[in-house]
Amino acid sequence: MADELIFYTNPMSRGRIARWMLEETGVPYKTEIMTFGGTMKSPEYLAVNPMGKVPAVRHGKTVVTECAAICAYLADAFPEADLAPTPDERGSYYRWMFFTAGPLEAAATNKALGFETPPDKARMAGYGRFADVMNTLEHAVSTTPYVAGDRFTAADVYVGSHIGWGLGFGTIEKRQAFVDYLGRVTDRPAHKRAVAIDDEAMKIAQ
1 MADELIFYTN PMSRGRIARW MLEETGVPYK TEIMTFGGTM KSPEYLAVNP
51 MGKVPAVRHG KTVVTECAAI CAYLADAFPE ADLAPTPDER GSYYRWMFFT
101 AGPLEAAATN KALGFETPPD KARMAGYGRF ADVMNTLEHA VSTTPYVAGD
151 RFTAADVYVG SHIGWGLGFG TIEKRQAFVD YLGRVTDRPA HKRAVAIDDE
201 AMKIAQ
């Protein structure tokens, strides 16, 4: 019997990234909707994720948190979905997935909070300047059709999700390269299923 896959999430969270990834794998999973300030902070869930945040997945005895890690784990756990490149082709796959988890997320969060790195302190910030991040991201989505090459991978779930949110909330610049890339990666049945599931879940989630 296959190990049970449990997905802890809230539809008004980064859990939407993991939901999309789960739908791309095509494997069955059980969803546990967690509430902000409620079940997310319960002793039971803190045993899963001490941060008291979602998403998280439990696959048999394995627990994974952090969206980039969840995407990478699921791609490896379910190779039949063909969502990870071969090991010798993973340079861009890891590079852009973790660039997004690090510099892009930090730069976008600071922009949303109204914080701008002082020019004389840019070397102290992991991402340097916001403009550097935007130019690098444009390079990532323009060199090849997908960030890891010519085919869709788990990295596109993660990078595409961040670009989608950034364009929607104004935390990344609306460049044509970002708009075009987002259109490519979200025009997929799994993405549409994930959005529909989470939109329905929002009716009851807190």
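In full-length UniProt numbering, the protein residues as written are 1 to 206.
Think of the CB as a built atom: it goes at the ideal place given N, C-alpha and C, for glycine as much as any other residue.
Thr109 sits in a helix when the DSSP states are folded into three classes. Under DSSP, the beta-bridge partners assigned to Ala56 are Tyr8 and Thr65.
Phe36 has its alpha-carbon roughly 15 Å from the corresponding atom of Lys203. In terms of Cβ geometry, Ala108 and Gly168 do not form a close pair [threshold 9 Å]. Distance from the CA of Leu83 to the CA of Ala196, rounded to the nearest whole angstrom, comes to 22 Å.
Bounds of the alpha helix (DSSP H) holding Thr136 are Phe130 to Ser142. By the CB criterion at 9 Å, Thr25 and Phe78 fall inside the cutoff. With fewer than 16 other beta carbons inside 10 angstroms of its own, Pro119 counts as exposed. Using a Cβ distance threshold of 9 Å, Pro85 and Ala148 count as a contacting pair. Around the CB of Met40, 16 or more other CB atoms lie within 10 Å, so the residue is classed as buried. The three-state reading of DSSP puts Glu44 in helix, counting H, G and I together. Relative to the Cα of Tyr158, the nearest Cα in the group Lys61, Pro28, Leu113 and Tyr181 belongs to Tyr181.
In this structure Val141 is buried. Its beta-carbon is surrounded by 16 or more other beta-carbon atoms within 10 angstroms.
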